[in-house]
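Residue numbers (our numbering), protein chains in the order written: chain A, -6 to 108; chain B, 281 to 393.
In what follows, a single structure is set out as structure tokens and then discussed.
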Amino acid sequence: EAGVVQSPRYKIIEKKQPVAFWCNPISGHNTLYWYRQNLGQGPELLIRYENEEAVDDSQLPKDRFSAERLKGVDSTLKIQPAELGDSAVYLCASSLGGPGQETQYFGPGTRLLVL
Amino acid sequence: DQQVKQNSPSLSVQEGRISILNCDYTNSMFDYFLWYKKYPAEGPTFLISISSIKDKNEDGRFTVFLNKSAKHLSLHIVPSQPGDSAVYFCAAYLDTGGFKTIFGAGTRLFVKA
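Right, here's the structure in full:
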């Protein structure tokens, strides 16, 4: 079974430019997460989807970040405009969702460098 | 406010010996605790978990111990192997009606051959 797929794996952009990341979760997983991981830190949740609905976006900087999960399958995370501090690894994860389904399956991440 | 803390950034262990990775938490309402393992250029992968109603869970060479009174958990790897060298993240899961998972900063384990 295929795991969580993310693209691109690496992205280098100049500040103030837009950037987008794509994620395809494990088939049948209703819950999708976007995390940001800074160097030397653990993953920090940006947004969580239950099917198409964003049920927790409290940590998403909404002035510049946006996300969508059309049709409740794959998802896109966008930053516009990017700032130097956005340099990090952006991880997508999925899970079956619901009580007792706490195990998350992570993709390899997109490493973003903003110059 | 760090609710999940891993105070040791790194740990070095000889092959064949025991590795003990520690994690402290502040919120007594966490329902589950999980350990994830991460190799370079890969995403974290689930390793082992423990329910808050238990004090021990074992899976092969990996055992997690939970001390709720001390709000402390530990991961024991016995015997340690060079392939265990990775970053280990402790995570705590809270079912608030929203299922939030909070990760620690990670501990990098080096297993020397």
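C-beta: ideal position from N, C-alpha, C; glycine also.
All figures in this text were calculated on a predicted structure; none of them were measured in a lab.
Query                                                                                                                                                                                                                     : Result
On a CA-only basis, which of B:D339, B:D335, B:R341 is nearest N347 of chain B? Give me that one, please.                                                                                                                 : B:D335
Provide the residue(s) that pair with I72 of chain A in DSSP beta bridges, ordered along the chain.                                                                                                                       : A:V12, A:F58
So that I know if they touch, is there some Cβ in chain A lying closer than 8 angstroms to that of A366 of chain B?                                                                                                       : no
Report buried or exposed for A75 of chain A, applying the criterion of at least 16 other Cβ atoms within 10 angstroms of its Cβ.                                                                                          : buried
Return yes when the Cβ of A366 of chain B is within less than 8 angstroms of the Cβ of Y312 of chain B, no when it is not.                                                                                                : no
What does DSSP give as the partner residues of K285 of chain B in its beta bridges?                                                                                                                                       : B:D304
Is it buried or exposed, V358 of chain B, if we count other Cβ atoms within 10 angstroms and call 16 or more buried?                                                                                                      : exposed
For a cutoff of 8 angstroms on Cβ pairs, would you count E45 of chain A as touching chain B?                                                                                                                              : no
Among residues of its own chain, excluding the 5 on either side of L355 of chain B, which ones have a beta-carbon nearer than 6 angstroms to its beta-carbon?                                                             : L301, W315, V344
Could you work out which residues of chain A lie near L314 of chain B, taking near to mean beta carbons separated by less than 9 angstroms?                                                                               : E95, T96, Q97
I'd like to confirm the pairing. Which residues does DSSP put opposite K380 of chain B in its beta bridges?                                                                                                               : B:L374
Hey, T387 of chain B and Q286 of chain B: beta-carbon distance below 8 angstroms or not?                                                                                                                                  : yes
To be precise: take each residue of the segment 70 to 87 of chain A, compare its Cβ to all Cβ atoms of chain B, and keep it if any distance is under 7 angstroms. Which residues remain?                                  : L84
Which residues of chain A have a Cβ atom closer than 7 angstroms to the Cβ of T387 of chain B, listed in chain order?                                                                                                     : By Cβ distance, chain A contributes nothing, its closest Cβ being about 10 angstroms from T387 of chain B, past 7 angstroms.
Give the range of the beta strand (DSSP E) segment to which T96 of chain A is assigned.                                                                                                                                   : Counting along the chain, T96 of chain A falls outside any beta strand (DSSP E), and DSSP gives it neither H nor E.
Quick one: list the residues of chain A neighbouring T343 of chain B, beta-carbon separation under 7 angstroms, in chain order.                                                                                           : Ordered by position in chain A, no residue passes the 7 angstroms Cβ test against T343 of chain B, which lies about 18 angstroms from the chain.
What are the residues in the segment 322 to 355 of chain B lying within 9 angstroms of chain E by C-beta distance?                                                                                                        : Reference to chain E is not applicable here, since the protein chains of this structure are A and B.
Exposed or buried, A371 of chain B, counting other C-beta atoms within 10 Å across all chains shown (16 or more means buried)?                                                                                            : buried
Could you check whether the segment 58 to 72 of chain A touches the segment 37 to 50 of chain A, counting it as contact only if at least three pairs of C-beta atoms, one from each stretch, sit closer than 8 angstroms? : yes
Measuring straight from C-alpha to C-alpha, what distance separates V(-2) of chain A and G384 of chain B?                                                                                                                 : 24 angstroms
Given a cut-off of 8 angstroms on the beta-carbon distance, is the pair V66 of chain A and Q30 of chain A in contact?                                                                                                     : no
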